[in-house]
Amino acid sequence: MTSLIAVVGPTGTGKSDLGIAIAKHLETKGIRGEIVNCDSMQFYKGMDIGTAKLSHDERLGVPHHLLDWLNITDESTAAEYQTVARPLIEDLQTRGIVPILVGGSMLYVAAVLNEFGFAARDAEIRASLEAELLEVGESEMYRKLQKLAPDTASRIDPKNGRRIVRALEVVTITGEDFAAKLPDLNESWQPVLEIGLTGDRARLVERLGKRAELMWQKGLLEEVQSLIPIGIREGKTSSHAIGYSQALAEIDGRLSREEAIGETARLTSRYARRQMSWFRRDPRINWFDYQDDSRGSAILSLVDEHIGRLG
RNA sequence: GGUGGAGUGGCUGAGCGGCCCAAAGCAGCAGCCUGCAAAGCUGUAAAACCACGGGUUCAAAUCCCGUCUCCACCU
């Protein structure tokens with residue numbers, strides 16, 4: 114049997130707990146379920162408080178994969194995640210275990226769940242393009258892209274330096290007009306039961322604000338302090354994490370405590386918005402209100418249906 | 001008690017006599033997204049009788065007077 118369950122949605126809606134609940138529910142049916150983490154910041158060892166990572170006890174004995182598997186200085190990319198997560202999921206499935214993909218990292222979820230092939234990459238070319246961008250600016254780079262690959266250029270925002278660079282990188286490597294776009298969301302890698310958690314935005318924003326404050330109370334600053342010697346400042350991905358970047362700014366005196374917390378709350382809310390704008394387009398998702406008390410049983414019966422159909 | 005400064009949209013904040021039926025940013029709302037995606041990027045609605053009262057002026061958010069509030073510093 115090959116079952117695959119995914120729990121997605123904006124941050125702060127209880128995805129992790131739901132993942133555990135689903136695994137526990139499966140257990141009562143004699144089926145093993147294990148969590149495959151798809152939160153790009155929970156990959157990092159040592160980043161716990163600011164990523165709202167479940168503690169060992171909170172996991173209630175349910176095995177978690179791809180949690181704490183990267184060092185703070187490692188770069189994380191969706192393309193690489195795909196090459197790790199897919200074989201892992203397949204392996205679990207061949208062992209009769211139901212993988213439960215849990216996380217809100219949009220592109221990472223898509224990289225696993227959809228027909229999604231990444232174009233090649235070349236560190237040297239990339240580095241020189243990045244340097245060039247700094248020197249000549251976006252508009253010049255964009256013009257260059259227009260000349261080399263008009264189709265690609267037409268899809269990219271002329272001010273989005275990062276994406277212009279990546280497009281140029283691919284064009285340079287392949288010599289083709291890359292013209293890539295996001296995969297068709299109706300074409301799944303595997304049949305999947307996708308569950309989405311969401312709810313009233315105003316209340317979520319309020320909740321995320323409180324969460325930011327709580328992170329500081331729980332010692333986020335100390336956590337970040339302890340990550341400095343092992344290189345969080347140098348971590349290309351990790352240093353950009355919401356909360357961590359602000360804690361670093363506070364440590365450096367660039368932000369006051371209050372400002373750091375405020376900015377963290379603000380960025381988190383904005384992140385939640387972008388997550389919604391992304392996930393809303395996925396027609397496979399079965400949405401539930403995270404505040405609705407009856408969501409649990411409704412979700413579990415969906416799970417039963419899914420397992421029954423495939424099992 | 002004294003001196004100085006400040007009171008502008010939900011917040012920050014520009015304007016300091018006519019171009020102000022008042023900029024901008026943030027928040028809000030919407031969206032984009034193929035190797036940093038908790039990143040990067042785009043678009044956009046509404047919202048201010050410019051603390052209150054009085055005056056000067058053809059004309060005041062802008063000048064004057066008073067009141068209140070806040071912040072500094074002084075005693």
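Add 113 to a position in the first sequence, counting from 1, and you land on the number used in our numbering.
Beta carbons: idealized from backbone N, C-alpha and C, even for Gly.
All values reported here derive from a predicted model rather than from experimental measurement.
Problem set entry | Residue burial classification, Leu327 (beta-carbon count within 10 angstroms, cutoff 16) | Reading the first sequence from its first residue, position 214 is the one you call residue 327. Exposed, by the Cβ-count rule.
Problem set entry | Simplified DSSP assignment, three categories, for Glu188 | As a first step, residue 188 is located in the first sequence; it is residue number 75 there, counting from the start. Here Glu188 sits in coil by DSSP.
Exercise. Per DSSP, what kind of secondary structure is Glu147 in: helix, strand or coil?
Worked result: What you label residue 147 is simply residue 34 of the first sequence in a count that begins at 1. In the structure shown, Glu147 sits in a strand (DSSP, three-state: E or B).
Exercise. Could you give the residue range of the beta strand (DSSP E) that holds Phe401?
Worked result: For the purposes of this step, residue 401 is taken as the residue at position 288 of the first sequence. Its beta strand (DSSP E) spans residues 398-402.
Exercise. From which residue to which residue does the beta strand (DSSP E) around Thr431 run?
Worked result: Lying outside 114 to 424, the shown extent of the chain, residue 431 is not represented and no answer is given.
Exercise. Taking Cβ to Cβ, would you say Leu415 is nearer than 8 Å to Asn399?
Worked result: The residue you call residue 415 lines up with position 302 of the first sequence. The residue you call residue 399 lines up with position 286 of the first sequence. Yes, these two residues count as a Cβ contact at 8 Å.
Problem set entry | Contacts around Arg276, its chain only, beta-carbon distance under 6 Å, and the 5 residues preceding and following it disregarded | For this step, residue 276 is matched to residue 163 along the first sequence. Cβ neighbours of Arg276 beyond the five flanking positions: Ile269.
For this session: Hey, could you find the ends of the alpha helix (DSSP H) Leu333 is sitting in?
Result: For the purposes of this step, residue 333 is taken as the residue at position 220 of the first sequence. From DSSP, the alpha helix (DSSP H) with Leu333 extends over 333-340.
For this session: Could you pull out every residue in the same chain whose Cβ sits closer than 6 Å to the Cβ of Phe231, ignoring the five residues on either side in sequence?
Result: On the first sequence, position 118 is the one that residue 231 refers to. Ala192.
Exercise. In this structure, does DSSP put Ala165 in helix, strand or coil?
Worked result: Against the first sequence, residue 165 aligns to sequence position 52. Three-state result, Ala165: coil.
For this session: Going by CA-CA distance only, name the one from Lys331, Arg408, Gln330, Ala362 that's closest to Ile345.
Result: Counting from one through the first sequence, the residue named residue 345 turns up at place 232. Minimum Cα distance to Ile345 is reached at Ala362.
For this session: Have a look at Glu228, Leu298, Glu319, Ala136 and flag the residue whose alpha-carbon is nearest the alpha-carbon of Gly125.
Result: Position 12 of the first sequence holds residue 125. Comparing Cα-Cα distances from Gly125 to each of Glu228, Leu298, Glu319, Ala136, the minimum goes to Glu319.
Exercise. Residues bridged to Val215 by DSSP?
Worked result: In the first sequence, the residue the question calls residue 215 occupies position 102. Paired residue(s): Val120, Asn150.
For this session: Let me know the beta strand (DSSP E) ranges lying completely inside the region 337-401, each 3 residues or longer, listed in chain order.
Result: none
Exercise. Any contact of the region 157-170 with the region 249-268, i.e. 3+ C-beta pairs under 8 Å?
Worked result: no
For this session: Please look up how many angstroms separate the CB atoms of Leu333 and Ala360, rounded, as I've assumed it's under 8 Å.
Result: Taking the first residue of the first sequence as position 1, residue 333 is located at position 220. Taking the first residue of the first sequence as position 1, residue 360 is located at position 247. 5 Å between Cβ atoms; contact.
Problem set entry | Inter-stretch contact at 8 Å, needing at least 3 Cβ pairs: the region 215-229 / the region 147-155 | yes
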